[in-house]
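Residue numbers (this note's numbering): 1118 to 1545.
C-beta: ideal position from N, C-alpha, C; glycine also.
From a predicted model like this one, the values you see are computed outputs, not experimental measurements.
Working notes, beginning with the structure itself.
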Amino acid sequence: MTIAILFAAFFAALAAGVPVVWSMGIASVAALTFGDLSVPAVWYAQQTIRGADSLSLAAIPLFLFAGEIMNRGGLTGRIMRLAGHLFGRFTGGMGLVNVATAFVYGGISGSATADTGAVAKLMVDEMEERGYPRAFSAALTAASGTLGIIVPPSVVFIMYGVLTNTSIAGLFLAGILPGIVIAALFMLTSYIVGRRNGWRGMEVTGGFASFRRDFVAALPALGMPVFVLGSILGGFATATEAAALAVLYAFAVGVGLYREFRLRDLWPAAVETVTATGAIMMIMALATPFAWILTVEQLPTQAAAFITGLDVGTAGRIVLVVLLLLFTGLWLDLGPALIILAPILAPILAEAGIGPFQSGVLMSVALGIGLYTPPVGTNIFVVCNIARVDMWSVSKRLVPFWIASVVVLILLVLFPFLTEWLPRLLRT
């Protein structure tokens, strides 16, 4: 009865146009009010506060703030120029530059939305000037922006670590090789599309002297992910402390070295950080009572028993979980979907022999595909707004990247070492 009320209220609120996070809050209150759970009213407030009351979550605003400082301090342009030297001369070269820029920036922002927005502002117009269709540039940026949730430090990995009590440092390491694989496949896809359409590489001028100058200029930006991971793996800092160090590093680079971050930039950077953090914390807070009700009503246990009881074998169960993640990502944003599904699906994947790091990356990648898939795809809305193109035109251009993403999911399932090898090195 309680579960029926919970989901009926949730989907009714969604159908009425209520945002997902508030729909979960409404559904939880409805289930507690009209369901058969005997808990005091103050319990809801306690669970809501508990959802955001974790020291590990303090890393989220700090990483976001560091990313804002680096972006406003001239980081993205320097990365793009260096990527142009490395990949620009190839067929479809600007597409490769787009992916490389998103990969490096993802290692700084930790957010798919921030990654997509920063790269879109820089790359879409530049690619159009070099003969690339605007819709393709926007589609590629929407897809490559999801590297922000895979390449460490990832806000999504922090959330998953808190939800499932998994090592955040281990998750950061687990995301490195999959991030490289995703970037490589997106580059290959861009190359194939560019070759079919006759998009030639850009002319790279200046020779080695120009490359050396741009490499030196981009080196401090490239060093930030290394600095963050090094401080964690070296035992000098926790993930939260490393995030605070990242802010200091960003200030030192943006103010002292690049000298492009000004005092007037501090306020808009803080506003963007607080806005993004508020949305994430609200999701964590209001989704906690929702997830608790699911747990108390034994939905995770029942779902696990149902799937493990199916006569489809271990591989079949993994396929069912991945299909459920892909379907959920189509209509529910990544944050709420992760909070709802992680406690349910993690035990099922563990039963199928999927380790905690492999499980976290697999869920993040599968749900991340929804970020550039209509109708809810957040990244699509971001690039359409910046590039001023319609969703349908962008969606048609996304098909090759959806195929590449499915290939990534298959590789993640078939080759556990992609996610388990580096965390295992950390433990040894």
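For residue i and residue j, what's the separation of their Cα atoms in angstroms?
| i | j | result |
| --- | --- | --- |
| Ala1334 | Gly1210 | 21 Å |
| Leu1239 | Ala1252 | 15 Å |
| Leu1346 | Ala1133 | 44 Å |
| Val1524 | Ala1326 | 39 Å |
| Leu1466 | Arg1329 | 47 Å |
| Arg1433 | Ala1256 | Position check: residue 1433 holds Gly in this sequence, whereas Arg was assumed. Straight-line Cα distance between these residues: approximately 32 Å. |
| Arg1376 | Val1370 | 8 Å |
| Ala1338 | Ala1367 | 9 Å |
| Ile1471 | Leu1462 | 11 Å |
| Glu1246 | Ser1254 | 11 Å |
| Trp1316 | Ile1285 | 41 Å |
| Met1244 | Gly1201 | 12 Å |
| Asp1232 | Trp1509 | 22 Å |
| Gly1426 | Gln1163 | 36 Å |
| Val1073 | Val1156 | In this structure the chain extends from 1118 to 1545, so residue 1073 is not present and cannot be described. |
| Leu1203 | Phe1303 | 16 Å |
| Asp1428 | Ala1422 | 12 Å |
| Thr1150 | Met1118 | 12 Å |
| Ile1143 | Gly1152 | 13 Å |
| Ala1237 | Asn1496 | 10 Å |
| Gly1546 | Ala1361 | One cannot answer for residue 1546 here, as it falls past the ends of the chain, which runs 1118 to 1545. |
| Thr1445 | Ser1522 | 16 Å |
| Ala1126 | Val1530 | 35 Å |
| Pro1460 | Leu1416 | 10 Å |
| Ile1424 | Ser1271 | 30 Å |
| Val1506 | Ser1512 | 11 Å |
According to the Cβ coordinates, are residue i and residue j closer than 8 Å?
| i | j | result |
| --- | --- | --- |
| Tyr1222 | Thr1193 | yes |
| Gly1227 | Val1478 | no |
| Gln1475 | Glu1389 | no |
| Ser1140 | Leu1154 | no |
| Val1214 | Gly1224 | no |
| Gly1287 | Pro1540 | yes |
| Val1298 | Leu1451 | no |
| Phe1378 | Gly1190 | yes |
| Tyr1072 | Leu1449 | Residue coverage of the chain in this structure runs from 1118 to 1545, which leaves residue 1072 outside it and unanswerable. |
| Thr1355 | Pro1473 | no |
| Val1364 | Phe1532 | no |
| Phe1332 | Leu1199 | yes |
| Ala1158 | Leu1123 | no |
| Ala1504 | Val1216 | no |
Secondary structure at residue i, three-state DSSP: helix, strand or coil?
| i | result |
| --- | --- |
| Glu1377 | coil |
| Asp1331 | helix |
| Asn1282 | coil |
| Ala1469 | coil |
| Ala1521 | helix |
| Arg1206 | coil |
| Ser1254 | helix |
| Phe1325 | helix |
| Trp1409 | helix |
| Leu1154 | coil |
| Glu1414 | coil |
| Ser1145 | helix |
| Met1118 | coil |
| Ile1177 | helix |
| Gly1477 | helix |
| Thr1218 | helix |
| Gly1194 | helix |
| Trp1316 | coil |
| Arg1505 | coil |
| Leu1427 | coil |
Just tell me which of the options has its CA closest to the CA of residue i.
| i | options | result |
| --- | --- | --- |
| Ile1349 | Ile1299, Phe1289, Leu1294, Met1304 | Phe1289 |
| Ala1121 | Leu1535, Ile1410, Gly1446, Ile1465 | Ile1410 |
| Met1197 | Phe1220, Phe1207, Phe1182, Thr1208 | Phe1220 |
| Ala1402 | Phe1127, Phe1128, Tyr1161 | Tyr1161 |
| Val1138 | Asp1428, Ala1404, Ile1266 | Ala1404 |
| Thr1218 | Gly1142, Asn1282, Ala1301 | Ala1301 |
| Gly1212 | Pro1250, Ala1229, Phe1182 | Pro1250 |
| Leu1535 | Thr1392, Thr1490, Gly1296 | Gly1296 |
| Thr1283 | Ala1147, Lys1513, Pro1464, Ala1504 | Pro1464 |
| Leu1526 | Ile1424, Gly1324, Ile1435 | Ile1435 |
| Pro1084 | Phe1128, Arg1313, Ala1229, Thr1230 | For residue 1084 there is no data in the structure shown, the boundaries of the chain being 1118 and 1545. |
| Leu1336 | Thr1357, Glu1358, Ala1359, Leu1374 | Leu1374 |
| Thr1208 | Gly1248, Asp1242, Ala1359 | Gly1248 |
| Thr1431 | Glu1468, Val1506, Val1413 | Glu1468 |
| Ile1266 | Ile1520, Ala1359, Val1241, Thr1230 | Thr1230 |
From the beta carbon of residue i, is the nearest beta carbon of chain B less than 8 Å away?
| i | result |
| --- | --- |
| Pro1385 | Among the chains in the structure shown there is no chain B, since it carries only a single protein chain. |
With a threshold of 8 Å, are at least 3 pairs of Cβ atoms found where one atom belongs to the stretch 1454-1464 and the other to the stretch 1268-1286? yes
Quick one: any contact between the stretch 1294-1308 and the stretch 1163-1183, if contact means 3 or more CB pairs under 8 Å? no
Report yes or no: do three or more beta-carbon pairs, one from the stretch 1394-1411 and one from the stretch 1177-1187, lie closer than 8 Å? yes
Contact between the stretch 1495-1510 and the stretch 1258-1269: three or more CB pairs below 8 Å? Enough Cβ pairs lie closer than 8 Å, so yes.
Pairing CB atoms from the stretch 1372-1389 with CB atoms from the stretch 1184-1191, are three or more of them under 8 Å? Cβ pair count under 8 Å is three or more, so yes.
Would you call the stretch 1153-1167 in contact with the stretch 1349-1360, where contact means no fewer than 3 C-beta pairs closer than 8 Å? no
Mind the definition here: the stretch 1481-1489 touches the stretch 1437-1448 only if three or more C-beta pairs lie below 8 Å; say whether that holds. yes
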